[in-house]
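Report on the structure given below.
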Amino acid sequence: MLSQLRDLDLQLLRLFVTVVECGGFSAAQGELGIGQSTISTQMAKLETRLGFRLCERGKSGFRLTPKGEQVLSATRKLFSAIDTFKSEAQGMADKLLGELRIGLSEGLAASVLEQVAEAIGRFRGRNQAVQIELLTAMPAELERRLLQDQLHLAIGYFSSNQTALDYQPLFSERQVLFCAQGHALFKRPQISLEDLQQADRVHHPYRFVQAREPLQNAASSAQTEQVDGTLAFILSGQHIGYLPEHIAAPWLTSGRLRAMQAEALSFEVQFHLASHRGQHPSDAQRAFSEDLAQAFATQ
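The following block contains the structure:
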């Protein structure tokens, strides 16, 4: 009785199908490249494994038994399923599968979003069937989600102090100090560093954790992690604060904002591609990381 299917059984079943398709042992010799006595021995082994006769052979010729007919049908289905499996397995070996959850920092420049879009286009050009999810959040939230394995990758201005995360530089963003119409410094011809130290500056509790940020000790009664919040405080005419140049650009054009000591007090914020270094990256994650690197390298 055949309770387990082994490689030898598959070989015997293939011989059986060939014999049937050739119409007998003698006719199958040329196709199989073995003698009739060997074919007979192999068929006997298969019948012993199955526990019943598959065919009648003798002076009356070759013919299948009723059970042999059923085994022939089942064997053809089996080999068809094996061929399908082999084809699909080969396809999976060369295909990126699964899902990618990617976090993006809020307030990214249009040029940066274009580069992310280019990376997505590069990735979609690969042999893949990957579900991609994009979400926007603050850097602390992005890091939290990475640590909890809710994200695979994140692009943002991180503090880079999470030892469990890996940070790869992607691009930098220039931050400039601004005030708005209605502020006491807006129309002042000359603005000294002392004036700026005394002005009420918007404080960022997370975003610019770096030693080179100017005016770190300036007075502050306004706090926000978000670019929109910073802009709202500045436009109130009661606070000064740092904004990315691309965020401030339309307000500068309309005359609502003024840059203050842009050359002396501006600074660069480094954006990174972050991932959890303790998690083994999937093939899809590695491929998308490569596509991101390519997209940002070409700009």
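Numbering (this note's numbering) for the sequence shown: 16 to 314. Positions of the beta carbon are idealized from the N, C-alpha and C atoms, including for glycine. Since the model is a prediction, treat every value here as computed from it, not as a measurement.
- When DSSP states are grouped into helix, strand and coil, residue 208 belongs to the helix group.
- Where residue 126 is concerned, the enclosing alpha helix (DSSP H) starts and stops at 125-139.
- Within the same chain, and ignoring the five residues on either side of residue 134 in sequence, the residues whose Cβ sits closer than 6 Å to its Cβ are 306, 307, 310.
- Assignment of residue 259 by DSSP, reduced to helix, strand and coil, places it in the strand class.
- According to the DSSP assignment, residue 64 belongs to the alpha helix (DSSP H) that extends over 51-65.
- Relative to residue 236, the option among 220, 242, 57, 54 whose CA is nearest is 220.
- Looking from the CA of residue 28, the closest CA among 291, 62, 187, 49 belongs to 62.
- Residue range 22-37 is occupied by the alpha helix (DSSP H) that includes residue 30.
- Non-local C-beta neighbours of residue 248 in its own chain, meaning closer than 8 Å and more than five positions away in sequence, comprise 217, 237, 239, 254, 256, ordered along the chain.
- In the displayed model, residue 195 falls within a strand according to three-state DSSP.
- Following the DSSP letters along the chain, one finds residue 158 inside the alpha helix (DSSP H) bounded by residues 154-162.
- Residue 287 sits close to residue 182, with the two beta carbons spaced by under 7 Å.
- In the three-state reduction of the DSSP assignment, residue 190 falls in the strand class.
- Residue 281: not part of any beta strand (DSSP E); DSSP gives it neither H nor E.
- Residue burial is scored here from C-beta neighbours: residue 290 has at least 16 other C-beta atoms within 10 angstroms and is therefore classed as buried.
- Residue 299 and residue 111 have their C-alpha atoms spaced approximately 6 Å apart.
- Excluding sequence positions up to five before and after residue 271, its CB lies within less than 7 Å of the CB of 195, 196, 250, all in the same chain and listed in chain order.
- The beta carbon of residue 143 sits closer than 8 Å to those of 110, 111, 112, 299, 302, all from its chain and outside the five residues before and after it, given in chain order.
- Around the beta carbon of residue 204, a 10 Å sphere encloses fewer than 16 other beta carbons of the protein chains shown; the residue is thus reported as exposed.
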